[in-house]
Amino acid sequence: MASAPSREIAYHPSTVTRSAKLLITGPFGVGKTTLVGSVAPLLLRMDESITEASVGVDDLRGTPEKTTTTVAMDFGRLHLNESLVLYLFGTPGQVRFRPLWEGLADGALGALVLVDTRDLDRCHDLLDLLEEQGLPYAVAVNRFDGAREYPADEVRQALDLADDTPLTTCDARDRASCVQALITLVEYLMTRLPPSAG
Amino acid sequence: MVRPYVRTGGRSRPSRDVRLETLVIAAHNPLLQGLSPEARRVLDVCKGGVLAVAEIAAGLDLPPSVVRIVVSGLIDSGHLTAPERRSRADAPSADLLKEVLHGLRSIA
C-alpha cells in the first residue's frame, strides 16, 4: 500500500467547482484501498456508523437484534482539470453493509468491481446489489502474486457477466494499470448514454 | 455514543440533494448564532476553502451521513454555498463523461 489513509483537511484549489464520483468496490481484502491509493495522490478515511441486523434476522418471534457497526471508508480524489475533481470511493462489497450504499451510489457515474480469481463466488451478491442500484459497472481482476491466471471467458462465466460488461485486469499496486481500468469503465459508461445525448 | 439525530437537530435526512462529493464553501461573514456544535465545526472548517462532504467527514471525524444533513441545513440557512450548480439528471451527461475520460487519459 502506498500510504496510510489520512484524516487531514485538504482544501481544493479555488478553481475547483465541480465533482464526479466513481465507486471502487469488491469483496473484503481484494485491494480496493490499494487501488484508490495508487491512483489518487491523496487517500482519506471517514467512518460511518450503520445499524445492521444481527444473526437471526429471519427470527419470526419479533424484531431482530440490531447492532451498530462502524465501517471505515477510504476514498481518494484527483483533479482532472482546473475545475473538475474526481472522487474514488472504496465501497465495501459485503451485502450486510448495504445501508452505506444509499449515500454512495446516488450520483455515481459507475463502479469498478475489483475481483480475485481465487474467490469469485463472493462476488455474486455484490453484482446483484449493483444491478439493483442501477449502477453500471466494469470488472477488473486484481492480479495477485501466486494466483493462477484464468482465461477471461472462465471469469465471465463464473461471474455470469453480460456480454457487454467490460472485463479487464489490473495490479492494484500499479498506478498505470489502475488508471487504464478506470478508462475502460468510463469508455463503457459512454456507450450506455442515450443516443441523443452523444 | 451520540445518536446521529441529536447531532443534526432531529433531522434524519438531508433537506436537499447533498452527496458525499458535493462541494461547498462558507459564505462571507456567516452568523454563528443558533448553530449546533456540529454545524459550527462544519462551518468553521469550510471557511478555509472548497471541500466536499466526504472531506469534511474525514477531517472532522464525523459520520458522512451526519455531515450530509448538517451541510444541507447550512446551505438552506445560507451559511454554506455550493460552488457547483449542477442540474439533476437521471443519466450522467455526455460532456461530463467525456471530460472524465479525457482527464484520465491525460494522467495515464
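Residue numbers (numbering that gives the first Met the number 0), protein chains in the order written: chain A, 0 to 197; chain B, 0 to 107.
Where is the CB? At the ideal position from N, CA and C, for every residue including glycine.
For residue i versus residue j, is the C-beta distance shorter than 8 Å?
| i | j | result |
| --- | --- | --- |
| T69/A | D46/A | yes |
| V66/B | A81/B | no |
| L73/B | V52/B | no |
| T33/A | R172/A | yes |
| V94/A | L22/B | no |
| D75/B | R12/B | no |
| V154/A | T183/A | no |
| L103/B | L42/B | no |
| L21/A | L126/A | no |
| V138/A | L103/A | no |
To the nearest angstrom, how far is the alpha carbon of residue i from that of residue j?
| i | j | result |
| --- | --- | --- |
| A151/A | P40/A | 31 Å |
| R76/A | R97/A | 23 Å |
| V38/A | P194/A | 31 Å |
| D159/A | G89/A | 23 Å |
| Y10/A | L50/B | 6 Å |
| A201/A | E186/A | Limits of chain A in this structure are 0 at one end and 197 at the other, which puts residue 201/A out of reach. |
| T164/A | L99/A | 24 Å |
| V99/B | R191/A | 15 Å |
| Y149/A | M189/A | 28 Å |
| V69/B | D144/A | 44 Å |
| L134/A | S71/B | 25 Å |
| L43/A | G36/A | 9 Å |
| P91/A | C122/A | 12 Å |
| R6/A | L61/B | 11 Å |
Does residue i get closer than 8 Å to chain A when you measure Cβ to Cβ?
| i | result |
| --- | --- |
| I106/B | yes |
| S11/B | no |
| G77/B | no |
| S14/B | no |
| R141/B | A query on residue 141/B cannot be resolved here, the shown segment of chain B reaching from 0 to 107 and no further. |
| D108/B | Chain B is shown from 0 up to 107; residue 108/B falls before or after that span and cannot be answered. |
| S64/B | yes |
| E37/B | no |
| G47/B | yes |
| P29/B | no |
Under 8 Å Cβ-Cβ, which residues of chain E neighbour residue i?
| i | result |
| --- | --- |
| K20/A | Protein chains in the displayed structure are A and B, and chain E is not among them. |
Please confirm if residue i has its CB atom under 8 Å from at least one CB of chain B.
| i | result |
| --- | --- |
| V185/A | yes |
| N141/A | no |
| I23/A | no |
| A157/A | no |
| T66/A | no |
| L103/A | yes |
Using a 10 Å radius around the Cβ and a threshold of 16 neighbouring Cβ atoms, would you call residue i buried or exposed?
| i | result |
| --- | --- |
| K65/A | exposed |
| K46/B | exposed |
| H101/B | exposed |
| F27/A | exposed |
| P36/B | exposed |
| P12/A | exposed |
| L31/B | exposed |
| S64/B | buried |
| H73/A | Per the sequence shown, the amino acid found at residue 73/A is Asp instead of His. Label assigned to D73/A: buried. |
| E54/B | buried |
| T67/A | exposed |
| S18/A | buried |
| G30/A | buried |
| G109/A | buried |
| A25/B | buried |
Report whether the distance from the Cβ of residue i to the nearest heavy atom of the ligand GDP is below 7 Å.
| i | result |
| --- | --- |
| N28/B | The ligand GDP is not among the ligands present in this structure, which contains no ligands whatsoever. |
**OP:** Note down, one range per segment and in chain order, each alpha helix (DSSP H) of at least 4 residues found wholly within the segment 5-38 of chain A.
**Re:** Along the length of the segment 5-38 of chain A, whole alpha helix (DSSP H) runs at least 4 residues long occupy 31-38, reported in chain order.
**OP:** Could you tell me which uninterrupted beta strand (DSSP E) segments, each at least 3 residues in length, are contained entirely in the segment 129-154 of chain A, listed from first to last along the chain?
**Re:** DSSP runs (the beta strand (DSSP E)) wholly in the segment 129-154 of chain A: 136-141.
Subject >> Length-filtered (3 minimum) beta strand (DSSP E) runs lying within the segment 11-41 of chain B >> reply: Fully enclosed beta strand (DSSP E) runs of 3 or longer: 22-25.
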